[in-house]
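Visitor: Questions regarding the structure given below will be posed in turn.
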Amino acid sequence: MSQDSPSSNEALLTALHRQLERIAHALETATGTAAVSFPEDAPAYRWERRQGPFGGGRLVPIENPALIRFDDLRNVDRQRQAIERNTRQFVAGRPANNVLLTGARGTGKSSLVKACLQAFHDEGLRLIEIDKEDLADLRQVVALIRQRPERFILFCDDLSFEEGEGGYKALKTALDGSLTGAAANMLIYATSNRRHLLPEKMSENLEARPGENGEIHPGDTTEEKVSLSERFGLWLSFYPFTQDDYLRAVDQWLRYFGFSDGEAAALRDEAVLWSRTRGARSGRIAWQFARDQAGRRS
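Following our numbering from start to finish, the sequence shown increments by one per residue and tops out at 292.
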């Protein structure tokens, strides 16, 4: 019975080693654990999730993001001062908080975050937009930017979770629950119409009674929900506009489009009618009215 020579055994081991390396690389790519290079510098990025069962993704540069100036916003002076101060501390390398902006629709929550990028981009601030469905990839995003010299705001717009969704656990970990800690050069800014990000039920206030699903301590569920929003160090609340607030916003945006003060004043009745047909008053509706008027005049 012949024996293989040492040289043939060595060649076989080498071939097996190379095959294992190829398999490992393929698995890393499929599961999203392979190293992802940071793209070219841009003002903002969007996290794009890879299609497939294993998740993972990449940062896609946004060369010309839609920005807004702080001075273009009305009726949010207190909120503006707080988020501007917090962001200035952050870009200067001083302690700063993650921010949760909650409240009425169209009142300037997302616009304030975009205004932060416009104001502090030249000082090294960058924005990464991520959908709530992709929050499971937060660990990859953090690993990708941790050693970068820039300062990053991870922006999740219109954030809320329904019963059974698991993305909030990844968000809790990224905020301050991980043993490795959050990246020193990253903050999370999120907007939501829900104060605690998760649906709340009347039964959750009945601590003394068992839950409808047989839960002995329904109050523990409430604590779990509240604990997510409490991990944001800075809460900013936004409220519906009064008619005067709305008309001031209309005047601001009409002047932005080149209308004179007299022309803006003459359009106030139309602006009020516009808001009534929409059933609400907000900065967004004021902006839409001004765009409509500017388009007609052009």
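Built from N, CA and C at the ideal position, the CB exists for glycine as well.
None of these values were measured; they are calculated from a predicted model.
On the CB-based measure, 16 or more other CB atoms within 10 Å of its CB, does residue 276 come out buried or exposed?
Guide: Label assigned to residue 276: buried.
Visitor: According to DSSP, is residue 277 helix, strand or coil?
Guide: In the structure shown, residue 277 sits in a helix (DSSP, three-state: H, G or I).
Visitor: Can the beta-carbon of residue 56 be found closer than 9 Å to that of residue 44?
Guide: Their beta carbons are not under 9 Å apart, which means residue 56 does not touch residue 44 by this criterion.
Visitor: Relative to the C-alpha of residue 63, which residue among 83, 102, 52 is closest?
Guide: Checking every option, the nearest Cα to that of residue 63 belongs to 102.
Visitor: Leaving aside the five residues before and after residue 261 along the sequence, list all residues of the same chain whose C-beta is less than 7 Å from its C-beta, in chain order.
Guide: The residues are 248, 287.
Visitor: Kindly identify the DSSP beta-bridge partner or partners of residue 62.
Guide: None, per the DSSP bridge assignment.
Visitor: Considering only the alpha carbon of each residue, which of 251, 153, 118, 165 lies closest to residue 144?
Guide: Residue 144 has its Cα closest to that of 118, out of 251, 153, 118, 165.
Visitor: One question on the structure: do residue 51 and residue 231 come within less than 9 Å of each other, judged by their Cβ atoms?
Guide: No, they are not a contact pair.
Visitor: Check for me: the alpha helix (DSSP H) holding residue 250 runs from which residue to which?
Guide: Residues 237 to 250.
Visitor: Please decide whether residue 144 counts as near chain B, where near means a Cβ-Cβ distance under 9 Å.
Guide: Although the question refers to chain B, the structure presented lacks it and comprises just one protein chain.
Visitor: Determine the DSSP secondary structure at residue 84, reduced to helix, strand or coil.
Guide: If DSSP states are grouped into helix, strand and coil, residue 84 belongs with the helices.
Visitor: Cβ of residue 77 within 9 Å of Cβ of residue 95?
Guide: Contact: yes.
Visitor: Distance, Cα to Cα, residue 186 vs residue 7?
Guide: Taking the straight line joining both Cα atoms gives about 57 Å.
Visitor: Rounded to whole angstroms, what is the Cα-Cα separation between residue 241 and residue 224?
Guide: Residue 241 and residue 224: Cα-Cα distance of roughly 35 Å.
Visitor: Mind checking residue 267: buried by the 16 CB within 10 Å criterion, or exposed?
Guide: When all chains shown are included, residue 267 counts as exposed.
Visitor: Please list the segments of the beta strand (DSSP E) lying wholly inside the region 61 to 146, counting only runs of 3 or more residues, in order along the chain.
Guide: You should have 93 to 97, 119 to 123.
Visitor: Could you name the residues of the same chain whose beta carbon sits closer than 6 Å to that of residue 211, not counting the 5 residues immediately before and after it, in chain order?
Guide: At residue 211, the pLDDT of 46 sits below 50, so the modelled position is not reliable; the number obtained from the coordinates is stated separately. Correct list: empty, nothing qualifies.
Visitor: Could you pull the start and end residues of the beta strand (DSSP E) that residue 231 belongs to?
Guide: First-last of the beta strand (DSSP E) with residue 231: 228 to 232.
Visitor: On the criterion of 16 or more Cβ atoms from any shown chain inside 10 Å, does residue 109 qualify as buried, or is it exposed?
Guide: Residue 109 should be labelled buried.
Visitor: Measure from the alpha carbon of residue 181 to the alpha carbon of each residue in 282, 89, 289, then state which is nearest.
Guide: Residue 181 has its Cα closest to that of 89, out of 282, 89, 289.
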